[in-house]
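So the structure is just underneath, and the comments pick up after that.
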Amino acid sequence: MAIITLTTDFGHKDHFVGAIKGTIYKELSDAKIVDISHSIAPFNIQECAYILKNSYKNFPDGSIHIVGVDSELTPENQHIAVLVDNHYFIMANNGVIGLIISEIVPEKVVEIQLPNSIDSSFPEMDVFVKAASHIARGGKLEVIGRTFKDLKDLREFNPRISDDGKTISGSVIYIDNYGNVVTNIQQSIFKSIGKGRPFELHARNKKIKEIHKKYSDIINYSLDKSQRKSPGELLALFNSSGYVEIAIYKSDLNTVGGASTLLGLDYRDTVIINFT
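Numbered according to our numbering, the sequence shown terminates at residue 280, and the numbering increases by one at each position without gaps.
Printed below as a string of structure tokens:
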């Protein structure tokens with residue numbers, strides 16, 4: 005039995021997550037359900053894509069990913085099933101899948117058209133679960149929909165290169181549980197544009213001139229403890245997903261604050277890297 009994952013902006017207060025799981029178990033009593041996240045900011049397509057892009061590859065091939073963010077059916081927000089990179093995604097055509105697979109060509113994409121389908125305000129339960137269950141039983145995508153070619157593309161989230169290759173202008177795409185700020189500037193872009201040149205990363209009124217591989221790299225362990233940098237220091241690093249991240253070393257968003265609150269950075273705010 006294939007794994008079915010759930011990623012939504014439902015939170016945990018309401019009945020929605022439990023209702024989806026119960027409906028899956030009614031269809032597939034031996035289903036394997038994994039929660040990726042139910043704490044996506046409401047209707048935040050970029051955040052949803054970031055979390056899914058950096059988690060789905062850790063699941064076995066053939067896994068089925070139900071995505072419940074901005075899923076209500078409209079003429080411009082069709083319900084789709086996508087087979088890409090040996091994984092199935094069941095979601096709305098709201099731009100999430102395009103951001104996830106920006107460098108991969110889907111094997112199949114269909115617009116879901118189930119017989120006797122209910123057009124409701126809860127398509128994750130009424131439509132997506134049925135589509136996922138069909139796939140989990142070994143069913144073909146062609147049975148639940150027709151070929152679809154108009155995937156929504158949200159390329160405005162890509163960083164911009166300007167000033168004859170001297171400047172990368174990026175945006176904040178995600179703020180994690182520690183208040184660390186993830187930008188859409190990937191390490192590959194930084195290296196191809198920078199070509200080893202010195203640089204300054206500008207985030208609000210702060211400047212950073214070094215990007216580390218991990219958080220603790222700011223600590224020089226050859227120094228006496230009294231001379232070392234300590235928790236609360238500002239740093240930048242290439243995070244485990246390959247993006248430029250701005251962080252406060254050993255920060256706590258709920259007490260002293262994190263990079264997002266201490267620098268005043270929020271979703272879609274601008275971060276600039278200037279090469280010299």
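Just so it is clear, CB atoms sit at the ideal spot from N, CA and C, and this is done for glycine as well.
Inter-residue Cα distance where the pair is residue i and residue j
{"i": "SER41", "j": "GLY183", "result": "17 Å"}
{"i": "ILE4", "j": "LYS144", "result": "Here the chain covers residues 5 to 280 and nothing more, so residue 4 does not appear."}
{"i": "LYS210", "j": "SER173", "result": "15 Å"}
{"i": "GLU146", "j": "PRO110", "result": "14 Å"}
{"i": "SER317", "j": "THR78", "result": "In the structure as shown, the chain begins at 5 and stops at 280. Residue 317 is therefore absent and cannot be evaluated."}
{"i": "TYR225", "j": "ARG232", "result": "7 Å"}
{"i": "LEU103", "j": "ASN243", "result": "18 Å"}
{"i": "VAL133", "j": "GLN50", "result": "23 Å"}
{"i": "THR27", "j": "ALA96", "result": "19 Å"}
{"i": "GLU204", "j": "TYR178", "result": "21 Å"}
{"i": "GLY99", "j": "ALA140", "result": "24 Å"}
{"i": "LYS17", "j": "LYS57", "result": "26 Å"}
{"i": "GLY169", "j": "ILE212", "result": "19 Å"}
{"i": "ILE193", "j": "THR171", "result": "11 Å"}
{"i": "LYS153", "j": "GLU107", "result": "16 Å"}
{"i": "LYS229", "j": "TYR219", "result": "17 Å"}
{"i": "LYS217", "j": "ILE148", "result": "45 Å"}
{"i": "ASN278", "j": "VAL248", "result": "14 Å"}
{"i": "GLN191", "j": "LYS199", "result": "12 Å"}
{"i": "PHE63", "j": "THR280", "result": "42 Å"}
{"i": "ARG150", "j": "LEU87", "result": "13 Å"}
{"i": "GLN82", "j": "TYR29", "result": "25 Å"}
{"i": "PRO202", "j": "VAL260", "result": "32 Å"}
{"i": "VAL38", "j": "ASP167", "result": "46 Å"}
{"i": "ALA23", "j": "TYR92", "result": "21 Å"}
{"i": "PRO119", "j": "LYS112", "result": "20 Å"}
{"i": "SER245", "j": "ILE215", "result": "14 Å"}
Integer Cβ distance of residue i from residue j, believed to fall under 8 Å
{"i": "LEU269", "j": "VAL185", "result": "5 Å"}
{"i": "ILE165", "j": "ILE68", "result": "With 8 Å as the limit, ILE165 and ILE68 do not qualify as a contact, their Cβ atoms being about 37 Å apart."}
{"i": "ALA53", "j": "ILE94", "result": "15 Å between Cβ atoms; not a contact."}
{"i": "GLU128", "j": "ILE70", "result": "6 Å"}
{"i": "ALA85", "j": "VAL114", "result": "5 Å"}
{"i": "SER125", "j": "GLU80", "result": "Incorrect: roughly 17 Å between the Cβ atoms, too far for contact."}
{"i": "LEU158", "j": "ILE101", "result": "About 10 Å separates the two Cβ atoms, so there is no contact after all."}
Which residues DSSP lists as bridging residue i, in chain order
{"i": "LYS112", "result": "LEU87"}
{"i": "ASP39", "result": "LEU10"}
{"i": "GLU249", "result": "VAL186, LEU241"}
{"i": "ALA96", "result": "HIS83"}
{"i": "GLY72", "result": "THR12"}
{"i": "PHE362", "result": "With the chain covering 5 to 280 only, the question about residue 362 has no answer from this structure."}
{"i": "ASP256", "result": "GLY261"}
Own chain partners of residue i with C-beta closer than 8 Å, once the 5 adjacent residues on each side are dropped
{"i": "ASN48", "result": "ASP13, VAL73, TYR271"}
{"i": "THR265", "result": "GLY183, LEU257"}
{"i": "ILE197", "result": "ILE165, GLY169, ILE172, PHE279"}
{"i": "ILE55", "result": "THR11, ILE40, SER41, ILE44, TYR178"}
{"i": "MET5", "result": "LEU32, ASP34, ALA35, LYS36, ALA140"}
{"i": "ASP180", "result": "VAL186"}
7 Å Cβ shell around residue i - same chain, five flanking residues per side excluded
{"i": "ASN90", "result": "ASP65, GLY66"}
{"i": "SER43", "result": "GLY15"}
{"i": "PRO163", "result": "ILE172, SER173, GLY174, ASN188, ILE189, ILE193"}
{"i": "ILE223", "result": "ARG232, LYS233"}
Spatial neighbours of residue i in its chain, beta-carbon cut-off 6 Å, leaving aside the 5 residues before and after
{"i": "SER59", "result": "ILE40"}
{"i": "VAL275", "result": "GLY174, THR187, ALA207"}
{"i": "ILE250", "result": "VAL185, ALA207, ALA240, ALA263"}
{"i": "PHE20", "result": "PHE14"}
{"i": "PRO235", "result": "TYR253, LYS254"}
{"i": "PRO46", "result": "ASP13"}
{"i": "ILE105", "result": "VAL88"}
{"i": "ASP273", "result": "VAL176"}
{"i": "HIS138", "result": "ILE148"}
Residue i beta carbon near the ligand FAD (any heavy atom closer than 7 Å)
{"i": "SER234", "result": "Of the ligands one can find in the structure shown there are none, so the ligand FAD has no counterpart to examine."}
Legend entry - Whole alpha helix (DSSP H) elements within the region 199-233, 4-residue minimum: Fully enclosed alpha helix (DSSP H) runs of 4 or longer: not present.
Inset, instruction - Mind listing, in chain order, the continuous alpha helix (DSSP H) runs of no fewer than 4 residues lying wholly within the region 128-200? - result: If one requires a minimum length of 4 residues, the alpha helix (DSSP H) runs lying completely within the region 128-200 are 133-140, 145-148, 191-198, in chain order.
Inset, instruction - Give, in chain order, every unbroken run of the alpha helix (DSSP H) that is at least 4 residues long and sits entirely within the region 21-70. - result: Runs of the alpha helix (DSSP H) inside the region 21-70: 49-57.
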